[in-house]
Ligand SMILES: C[S@@+](CC[C@H](N)C(=O)[O-])C[C@H]1O[C@@H](n2cnc3c(N)ncnc32)[C@H](O)[C@@H]1O
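Numbering (full-length UniProt numbering), first residue to last: 1 to 269.
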């Protein structure tokens, strides 16, 4: 069936299955373009948490990973996993999208740093209970699942006691603004409290891209509800002289309000 002309963008509730299907299709289809646009900024063996350029090498949010068993979810091309391996960790890199994992395999070939790649939905991790010291993701999985509480529960399940979970997402306050890196992105137009998903859909109203919004309080409640203790919430500032524009991220907006939130949590010992 050809899409009808009314394909477009809306805000509405989507089921977990609709969200998963859209994400898989989107990231498979967009993988080449994403890597072409962002691959050099992300590097082949580097852990960049966000467009603000905060690196794990400087932030140490995961602690000393040498000898630790680490899982990355929503790994994309897995540059973070390869950096963690270069620091002495035993790492598993996972993602929903085969297209993104194809770039992870290419990155391993280019860099000579190889980690096991696992294709999986972050809401149903194919690992036993209590096997990882650290789980992490930079902008992977969490913003794209309808039931993000279930990601928190799955990560909690696979972590050992005292294990650490750190994830970065678009800062929830950005939901209020248009995805515009320029002046148009400085005007508040949407309700922060509107949890309906951002949905791009085809002419038959089938979602093709879905991004989910939770308030800061929602995210904290999901973490605490799964059993975690929240250790820190980092809102990286836009560095002086950093002139990157990445989608809606830009120096103009970054100087005024945060673009990224990084949650660091621990499973009680
Ligand atoms: C913005 S990219 C981030 C990739 C990488 N971490 C980076 O920094 O470039 C989001 C990633 O989340 C993955 N993803 C989306 N939904 C997912 C899900 N339900 N489970 C696991 N990964 C998912 C996508 O396939 C994509 O690779």
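Glycine included, each C-beta is placed from N, C-alpha and C at the ideal position.
Taking all protein chains shown into account, decide if residue i is buried (16 or more other Cβ within 10 angstroms of its Cβ) or exposed.
i           : result
residue 213 : buried
residue 256 : exposed
residue 207 : buried
residue 2   : Residue confidence is low: residue 2 scores 42 on pLDDT, short of 50, so the model does not pin down where it sits. No coordinate-derived value is stated.
residue 40  : exposed
residue 243 : exposed
residue 5   : At residue 5, the pLDDT of 47 sits below 50, so the modelled position is not reliable and the matter cannot be decided from this model.
residue 95  : buried
residue 183 : exposed
What residues in its chain sit with their C-beta under 7 Å from that of residue i, if we drop five residues either side in the sequence?
i           : result
residue 171 : 235, 258, 259, 260, 261
residue 175 : 190, 192, 213
residue 81  : 72, 75, 91, 93, 115
residue 62  : 56, 134, 136, 164, 166
residue 22  : 207, 208, 209, 210
residue 31  : 97, 99, 100, 102, 103
residue 106 : none
State the CB to CB distance for the pair residue i and residue j, rounded to an integer number of angstroms; the pair is presumed to be in contact (CB under 8 Å).
i           : j           : result
residue 263 : residue 219 : 6 Å
residue 229 : residue 266 : 5 Å
residue 97  : residue 202 : In fact, because the Cβ distance is near 19 Å, the residues do not count as touching under 8 Å.
residue 18  : residue 254 : Residue 18 to residue 254, Cβ: 32 Å. No contact.
With a threshold of 8 Å on Cβ separation, who are the neighbours of residue i within its own chain once the five nearest residues in sequence on each side are excluded?
i           : result
residue 180 : 248
Go through its chain and collect everything with a Cβ distance to residue i's Cβ below 6 Å, but skip five positions before and after it.
i           : result
residue 43  : 79
residue 9   : 200
residue 245 : 181
When the cut-off is 7 Å and only beta carbons count, does residue i lie next to chain D?
i          : result
residue 56 : Among the chains of the structure shown, chain D does not appear; only one protein chain is present.
Q: Could you tell me whether the segment 137-149 touches the segment 6-22, using the rule of 3 or more Cβ pairs below 8 Å?
A: Yes, the segment 137-149 touches the segment 6-22.
Q.
Can you tell me which residues fall inside 5 Å of ligand 1, judged by beta-carbon distance to its nearest heavy atom, and keep chain order?
A. Around ligand 1, the residues selected by a Cβ distance under 5 Å to any of its heavy atoms are 23, 27, 74, 76, 95, 96, 97, 100, 121, 122, 138, 139, 140, 141, 144, 145, following chain order.
Q | Segment contact, 8 Å Cβ cut-off, at least three pairs: the segment 127-146 with the segment 40-59 | A | Judged by pairs of C-beta atoms under 8 Å, the segment 127-146 touches the segment 40-59, as three or more such pairs exist.
Q: For the segment 123-132 and the segment 35-44, state whether three or more C-beta atom pairs, one from each stretch, are separated by less than 8 Å.
A: Taking 8 Å as the limit for Cβ pairs, the verdict is that the segment 35-44 does not touch the segment 123-132.
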